[in-house]
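Participant: Mind looking over this structure? Questions follow.
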Amino acid sequence: MLATALLAVVTLFVAPSSAAAPRPSLNIPRQVNGHRTNVGLLILGHSTSDQGDYPQKLAQALNANAADGRHYQVFELITGGDGGFLWSQAKFPPADLQFHRVAASNALQWCTDTSGNRWSARRVRVDRALSGSTDPTGGACANTAPANIQCSYYDSTGLRTTSGFRACWQKMDVTLALIQDTTNRSWPIDDWTGDGSVTNVDFWPASRINDAAEPCGNGRSGVVNGNIDWNCDGLLAGNDAAHVVYAGWLERFSLALLNNYGTDSVDHVFVTQKPLEFGASCPNYPPSEMANCRLHNTRTATPSRPFDHFYNPLVYWEWRSVQALVSKATLDPRIHLGELDFRRMHLRSDDCYDIGINTWSIPASVTGRPVTISADDSEFQNGQEVDAENVGCMRADHIHHNTNGGWLMADVWYEGLTPYLS
């Protein structure tokens with residue numbers, strides 16, 4: 000659980016939360032041409048968005064709201080591994096300033112074509128899904144075609160069905176992109192200075208980045224004073240700060256979704272961080288805490304690690320990137336914070352881990368929604384994990400989420416989206 004006192008310390012370093020501001024309705028019509036409005040939910044994320052199947056649970060909850068009256072259909076463009084940088088651009092020619100930076104990510108997430116260009120597999124998949132284009136990599140990147148989905152929609156004759164990603168997409172009257180992202184393994188966000196906040200002096204230490212990903216395309220080393228010079232100008236400044244750069248990736252991707260695909264572009268984009276995880280957590284804690292670093296052990300919260308379990312802090316601090324994005328004065332008004340508050344997804348998953356869940360935004364009448372979820376900590380009995388795959392919100396790997404965790408994520412999205420849909 001996050002320590003209340005320490006949260007007060009952390010929030011001293013950040014701008015007031017825009018989450019307290021009212022969320023005006025987007026005035027999405029409830030009917031179009033005499034039938035229920037078809038709303039496409041474009042789901043963009045990594046494996047956490049897939050495990051537990053939050054997208055279908057969210058659509059189920061929205062469709063169960065008779066007062067809403069619209070018809071919500073899920074379109075998943077989920078790719079395993081980190082997103083971040085690789086959402087922001089599809090093609091990286093050898094002369095591209097950031098050509099080498101692609102190599103920070105797992106090799107399964109990018110490829111090199113016969114001309115030496117590097118490609119982001121996840122972004123190619125998005126481009127192909129929304130434009131209907133053929134594979135621009137010439138087969139270098141595997142599995143970039145969108146899935147051949149089945150979908151339902153309404154027209155003047157009533158409820159209909161069809162198949163094919165693009166055919167289904169073009170039946171939608173309104174489209175919303177939901178980005179639930181992370182970059183914690185490739186370009187991690189952290190309180191690198193250890194002062195209890197993430198600010199414009201928290202640059203990426205070169206020691207935390209794959210050596211092959213450091214050089215710039217302009218011949219510079221990409222490293223200044225032991226930190227990554229992201230914009231390759233030979234200087235370290237606020238626009239090289241990790242969370243600022245990440246916010247820029249999210250904005251660039253969001254603007255592409257809004258503008259690059261003609262009539263198949265989305266109408267609005269919503270962004271949130273991912274829920275907590277434990278993957279590779281221990282190396283991110285001081286040596287003095289290593290011996291105690293276990294999945295269900297507790298610790299004394301600190302300003303830089305403001306929780307009483309050994310959660311991965313690189314996932315937690317990504318909230319600052321989301322905040323930097325949606326707090327931008329010149330941000331396109333069609334880009335929105337998806338969760339109710341910048342840390343809402345992490346806080347709710349924190350609750351599930353150590354105390355359980357018994358309050359919901361999704362109504363109890365929605366089929367399958369749990370009444371309560373036991374804490375993940377309750378699976379630890381007599382020094383052993385008992386039914387770790389099903390108890391709590393997390394699977395046994397303590398990275399991905401089970402069915403309960405899917406409901407938890409859907410609930411955070413439902414809570415954040417419903418004011419916009421009023």
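Quick note: the sequence shown uses numbering that gives the first Met the number 0, first residue 0, plus one each step.
For glycine and all other residues, C-beta sits at the position ideal for the given N, C-alpha and C.
Computed from a prediction, not measured in an experiment: that's the story for all the values here.
1) For Gly425, which residues of its own chain have a beta-carbon under 7 Å away from its beta-carbon, when the five flanking residues on both sides are left out?
2) May I ask which residues mark the beginning and end of the alpha helix (DSSP H) holding Asp350?
3) By how many angstroms is the C-alpha of Gln322 removed from the C-alpha of Arg333?
4) Buried or exposed: which applies to Asp158, given that a residue is buried once 16 or more other Cβ atoms fall within 10 Å of its Cβ?
5) Output needed for Phe379: all residues of its chain with C-beta closer than 8 Å, excluding positions within five of it in sequence on either side, in chain order.
6) Go through its chain and collect everything with a Cβ distance to Tyr419's Cβ below 6 Å, but skip five positions before and after it.
7) Taking all protein chains shown into account, decide if Pro274 is buried (16 or more other Cβ within 10 angstroms of its Cβ) or exposed.
8) Could you name each continuous alpha helix (DSSP H) segment of 4 residues or more that falls completely within the segment 42-101, going from the start of the chain to the end?
9) Relative to the alpha-carbon of Cys392, which residue among Tyr53, Asn209 and Gly193 has its alpha-carbon at the smallest distance?
10) Does the separation of the CB atoms of Leu249 and Ile178 fall below 8 Å?
11) Apart from the five residues just before and just after Glu414, which ones in its own chain have a Cβ nearer than 6 Å to its Cβ?
12) Run through the DSSP bridge pairs and tell me what Tyr310 is partnered with.
13) With which residues is Asn37 paired in a DSSP beta bridge?
14) I'd like the list of long-range same chain contacts for Glu99, defined as Cβ closer than 6 Å, with 5 residues on each side in sequence excluded.
15) With three or more beta-carbon pairs closer than 8 Å as the criterion, would you say the segment 162-169 touches the segment 267-281?
16) Report the option in Ala240, Phe91 and Pro187 whose CA atom is closest to the CA atom of Trp118.
17) By DSSP, does Ser17 sit in helix, in strand, or in coil?
18) Report yes if the CB atom of Ala176 is closer than 8 Å to the CB atom of Val265, and no otherwise.
19) Is the segment 105-125 touching the segment 82-96 in the sense that three or more CB pairs, one from each, lie closer than 8 Å?
20) Does the beta-carbon distance from Gly221 to Ala94 come in below 8 Å?
21) With distances taken from CA atoms, which of Asn32, Ser162, Gly68 and Gly138 is nearest Ser114?
22) So, is Thr161 buried or exposed, given that buried needs 16 or more other C-beta atoms within 10 angstroms?
23) What does a CB cutoff of less than 7 Å around Asn230 pick up in its chain, not counting 5 residues either side in sequence?
24) Cα-Cα, which of Gln50, Ala144 and Thr192 is closest to Asp396?
25) Flag this pair as yes or no: are the beta carbons of Tyr245 and Ser320 separated by less than 8 Å?
26) Enumerated in chain order, which unbroken segments of the beta strand (DSSP E) with a length of 3 residues or greater are wholly contained in the segment 248-286?
27) Report the three-state DSSP secondary structure of Asn226 (helix, strand or coil).
Facilitator: In short:
1) The requested residue 425 does not occur in the structure, where the chain is confined to residues 0 to 421.
2) Position 351 of the sequence shown, counting from 1, holds the residue named residue 350. Here the alpha helix (DSSP H) through Asp350 covers Arg343 to Asp353.
3) Residue mapping note: residue 333 aligns to position 334 of the sequence shown, counting from 1. Residue mapping note: residue 322 aligns to position 323 of the sequence shown, counting from 1. Their Cα atoms are separated by approximately 16 Å.
4) On the sequence shown, residue 158 is found 159 positions in, with the first residue counted as 1. Note that residue 158 corresponds to Leu in the displayed sequence, not to Asp. With fewer than 16 other Cβ atoms within 10 Å, it is exposed.
5) The residue given as residue 379 occupies position 380 in the sequence shown. Answer for Phe379: Leu294, His295 and Val385, listed in chain order.
6) For the purposes of this step, residue 419 is taken as residue 420 along the sequence shown, with counting starting at 1. Taken in chain order, the residues that qualify are Arg22 and Leu25.
7) In the sequence shown, counting from the first residue as 1, residue 274 sits at position 275. By the 10 Å Cβ count, Pro274 comes out buried.
8) You should have 46-49, 53-62 and 84-87.
9) Residue 392 sits at position 393 when you count from the first residue of the sequence shown. Nearest option by C-alpha distance: Tyr53.
10) Residue 249 sits at position 250 when you count from the first residue of the sequence shown. Residue 178 sits at position 179 when you count from the first residue of the sequence shown. A contact, by the Cβ cut-off of 8 Å.
11) Position 415 of the sequence shown, counting from 1, holds the residue named residue 414. Spatial neighbours of Glu414 in its own chain (CB-CB distance under 6 Å, excluding positions within 5 residues in sequence) are listed in chain order as Leu339 and Ser360.
12) For the purposes of this step, residue 310 is taken as residue 311 along the sequence shown, with counting starting at 1. Bridge partners of Tyr310: none, in fact.
13) As a position in the sequence shown, residue 37 is number 38, starting the count at 1. Beta-bridge pairing links Asn37 to His70.
14) Position 100 of the sequence shown, counted from the start, is the residue given in the question as residue 99. It is worth fixing the name first, because residue 99 is His in this sequence and not Glu. The answer, listed in chain order, is Ala212 and Pro214.
15) no
16) Along the sequence shown, read from residue 1 onward, the residue named residue 118 stands at position 119. The residue with the shortest Cα to Cα distance from Trp118 is Phe91.
17) Residue numbering aside, residue 17 sits at position 18 when the sequence shown is read from its first letter. Reliability of the predicted coordinates at Ser17 is poor, the pLDDT of 45 falling under 50, and no value is obtained from them.
18) As a working note, residue 176 is residue 177 in the sequence shown. As a working note, residue 265 is residue 266 in the sequence shown. Yes, these two residues count as a Cβ contact at 8 Å.
19) yes
20) For the purposes of this step, residue 221 is identified with residue 222 of the sequence shown, where counting begins at 1. For the purposes of this step, residue 94 is identified with residue 95 of the sequence shown, where counting begins at 1. Going by C-beta atoms, Gly221 is not nearer than 8 Å to Ala94.
21) The residue given as residue 114 occupies position 115 in the sequence shown. Residue Gly138 is the option with its Cα nearest to Ser114.
22) One-based indexing of the sequence shown puts residue 161 at position 162. Around the beta carbon of Thr161, a 10 Å sphere encloses fewer than 16 other beta carbons of the protein chains shown; the residue is thus reported as exposed.
23) For the purposes of this step, residue 230 is taken as residue 231 along the sequence shown, with counting starting at 1. Cβ neighbours of Asn230 beyond the five flanking positions: Asn238 and Asp239.
24) Along the sequence shown, read from residue 1 onward, the residue named residue 396 stands at position 397. It is Gln50.
25) Numbered from 1 along the sequence shown, position 246 holds the residue referred to as residue 245. Numbered from 1 along the sequence shown, position 321 holds the residue referred to as residue 320. Their beta carbons are under 8 Å apart, which means Tyr245 touches Ser320 by this criterion.
26) 267-272
27) Here residue 226 refers to the residue found at position 227 of the sequence shown. The answer is strand: DSSP assigns Asn226 an E or B state.
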